[in-house]
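In terms of full-length UniProt numbering, the sequence shown opens at residue 1 and continues consecutively. From the three backbone atoms N, C-alpha and C, an ideal C-beta is built for every residue, glycine too.
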Amino acid sequence: MAVGTVPDIQDLPRRYGGRVTTFVVLSCITAGMGGVIFGYDIGVSGGVTSMDGFLSKFFPEVYRRMKGTSVSNYCKFDSELLTAFTSSLYIAGLLTTFLASSVTARCGRRPSMVIAGSAILAGSAIGGTAVNVSMVILGRVLLGVGLGFGNQRPFRRGA
């Protein structure tokens with residue numbers, strides 16, 4: 001069994017020359033919000049896909065199957081199209097991250113953030129006005145593009 005003591009904080013050497021400033025704290029909060037955004041989307045899309053109005057309008061087969069039988073929650077959402085709806089944002093975000101890093105290295109952070117904001121606005125508008133499932137998926141793909149551009153850093157060779 002290992003036994004030891006915890007050193008006094010004043011005895012530890014300072015390993016960096018910087019300070020914890022307001023900018024550092026706000027940067028950490030902003031970076032942490034990226035995870036909150038993804039978690040929030042998982043919760044929202046999971047809740048929306050179980051709403052009767054959403055399913056009856058965009059996924060009528062799933063809605064009929066859900067209302068017609070008493071199957072478990074694991075089986076009633078067995079639809080490739082519903083899976084495409086759910087995963088389209090994350091796949092688009094992943095693939096866009098590879099492209100966005102090069103674009104940011106070439107053009108800078110500001111144009112990348114403009115692209116991210118524009119894609120998120122367009123995706124929100126298309127998703128909010130969707131009349132069919134293709135529009136809903138396109139809106140989520142554009143949201144994924146926006147997240148891919150927004151959650152990356154420039155690629156530097158050799159770094």
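* Asked: Taking Cβ positions only, does PHE54 come closer than 8 Å to chain D?
  -> Absent from the structure: chain D. Only one protein chain is present.
* Asked: Cα separation between ARG106 and LEU89?
  -> 25 Å
* To do: Determine the burial state of ARG140: buried for a count of at least 16 other Cβ atoms within 10 Å of its Cβ, exposed for fewer.
  => buried
* **Assigned exposure category for VAL24 - 16 Cβ within 10 Å defines buried** => exposed
* **Any 3 or more C-beta pairs closer than 8 Å across the stretch 112 to 122 and the stretch 144 to 152** => yes
* To do: Could you say which of PHE38, LEU81 and ILE120 lies nearest to PHE59 if we only look at CA atoms?
  => LEU81
* ARG109 in three-state terms, based on DSSP -> helix
* To do: Could you give the DSSP three-state label for PHE59: helix, strand or coil?
  => coil
* **Cα-Cα separation between PHE98 and SER45, rounded to whole angstroms** => 25 Å
* Distance between ALA92 and ALA100 (C-alpha atoms, nearest Å) -> 12 Å
* Asked: In this structure, does DSSP put VAL24 in helix, strand or coil?
  -> helix
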